[in-house]
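Inspection log for the structure reproduced underneath, given as structure tokens.
Chains as they are written, first to last, in the working numbering: chain A, 527 to 658; chain B, 527 to 658; chain C, 527 to 658.
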């Protein structure tokens, strides 16, 4: 069975909040984990502060400066920076579930980190419900 | 059921060795995995060398330089660098368990990477014991 | 039971494609996840584009520049850069399995990111087959 959620980005570099979409998947899971996997090589998944939007802006600006869209790169599509930032943040996340809720700290939101948008993206998932 | 371990840091930037605390959780698990999750947006989890303390010092110094505590950031709390380093290292880890022991290489120790301490931190965990 | 795959690198910095080796482990798994763990502190695991080899070259070049093999480091073995890049990419991966195949996007390949080769490396794994 293919388990997928769909995410759309509207900027080249953007943190798209997918907390609600992921939370909806685990409502009926008493205790377990959900594994999330981005099916792409130019966007990643991460968890960080979702309260003050300036945090996301600062993160995007810092990563943009850290790995510039340089002309030195050889990959002809001009998005090597996007590939690199994808491996730095990582394409997968494993989130814990307790009593039908994601186990997240008070400030933690789940984001798809878009590094080469705007695009339509797919995130695969699998739930393991037997934990102790 | 809430499964948590508590970790205290004593510096703004510090790698706190939590290998013993995590090992103690898996003593009775024959074969499985333990998922660890930091409940915070300014500290991460990582595994790296624990034998020579200079490795941790070099890692902290390099990250401090890579993502400086810059005045250019907009987030008013002045800890955007901490948020960024948290997403670079990542807030979660999945460790393997064989015969009641963490599956770690000879030099590998488990660390909470504190990027905005000193603070009291909480790490959630879940154990999945049926593996093949 | 010890579950391990062996990987050899031939350069100091190299992305070694291990997609085939990992795929072979999951052929008989209907639905599940495979957890991979590098047992070393100077190589990591990542997933990124495997079609155009220039992507790997650009990634290695960018990381080499981002974390140089600097003389400022204190760790006497001269490979602090390798340790740092290991924590940036991360030593573990959790991949999804559907119908005996890894759930990967069309461009995604699994790589061991060697940061201090050439070396012989070991990657531990565990499969969890009960997912929903």
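Cβ atoms here follow ideal geometry from the backbone N, Cα and C, with glycine treated the same way.
Original post:
Identify the residues that DSSP records as bridge partners of residue 563 of chain B: which are they?
Top reply: The partner list for residue 563 of chain B (beta bridge, DSSP) reads B:618 and B:650.
Original post:
For the segment 632-652 of chain A, which residues have a beta carbon sitting closer than 9 Å to at least one beta carbon of chain C?
Top reply: Residues 648, 650, 651 and 652.
Subject >> chain C within 9 Å of residue 532 of chain A, Cβ atoms only >> reply: False, the Cβ-Cβ gap to chain C never drops below 9 Å.
**OP:** Closer than 7 Å, Cβ to Cβ, to anything on chain A: give me those residues from the segment 611-631 of chain B, in chain order.
**Re:** Residues are counted here when their Cβ sits less than 7 Å from a Cβ of chain A; for the segment 611-631 of chain B these are 612, 613, 614, 616, 617, 618 and 620, given in chain order.
Original post:
In or out: residue 588 of chain A buried (at least 16 other Cβ within 10 Å) or exposed?
Top reply: Per the 10 Å Cβ criterion, buried.
Original post:
Got a sec: which bits of the segment 556-572 of chain A sit with their beta carbon under 8 Å from any beta carbon on chain B, in order along the chain?
Top reply: From the segment 556-572 of chain A, only 557, 558, 559 and 572 have a Cβ closer than 8 Å to chain B.
Original post:
When you compare only the Cα positions, how much space is there between residue 619 of chain A and residue 567 of chain A?
Top reply: For residue 619 of chain A and residue 567 of chain A, the gap between their C-alpha atoms comes out near 15 Å.
**OP:** Tell me, please, whether the CB atom of residue 655 of chain C is closer than 9 Å to any CB atom in chain B?
**Re:** For residue 655 of chain C, the answer is yes, since a Cβ of chain B falls inside 9 Å of its Cβ.
Subject >> Best match in B:616, B:583, B:600 and B:617 for proximity to residue 537 of chain B [C-alpha to C-alpha] >> reply: Distances from the CA of residue 537 of chain B to each of B:616, B:583, B:600 and B:617 were compared; the closest alpha carbon is that of B:583.
Subject >> Within 9 Å, strictly: CB atoms of residue 629 of chain A and residue 531 of chain A >> reply: Contact: no.
Original post:
By DSSP, does residue 667 of chain A sit in helix, in strand, or in coil?
Top reply: Not covered by the structure: residue 667 of chain A. The range shown for chain A is 527 to 658.
Original post:
Can at least three beta-carbon pairs, one atom from the segment 632-642 of chain C and one from the segment 601-616 of chain C, be found at a separation below 8 Å?
Top reply: Yes, they touch.
Subject >> Cross-strand partners of residue 530 of chain C (DSSP beta bridge) >> reply: According to DSSP, residue 530 of chain C bridges with C:650.
**OP:** Could you check what DSSP says for residue 642 of chain B in three-state terms: helix, strand or coil?
**Re:** Secondary structure at residue 642 of chain B: coil, using DSSP grouped into helix, strand and coil.
Subject >> Cβ of residue 587 of chain B within 9 Å of any chain C Cβ >> reply: Closer than 9 Å to some Cβ of chain C, the Cβ of residue 587 of chain B qualifies, so yes.
Original post:
Helix, strand or coil for residue 586 of chain A per DSSP?
Top reply: DSSP places residue 586 of chain A in helix when its eight states are reduced to three.
**OP:** Rank B:657, B:621 and B:578 by C-alpha distance to the C-alpha of residue 572 of chain B and give the top, closest one.
**Re:** When only C-alpha atoms are compared, the closest one is B:621.
**OP:** Please list the partners that residue 592 of chain B has in chain A, where partner means a Cβ-to-Cβ separation under 9 Å.
**Re:** Neighbours of residue 592 of chain B on chain A, chain order: 592.
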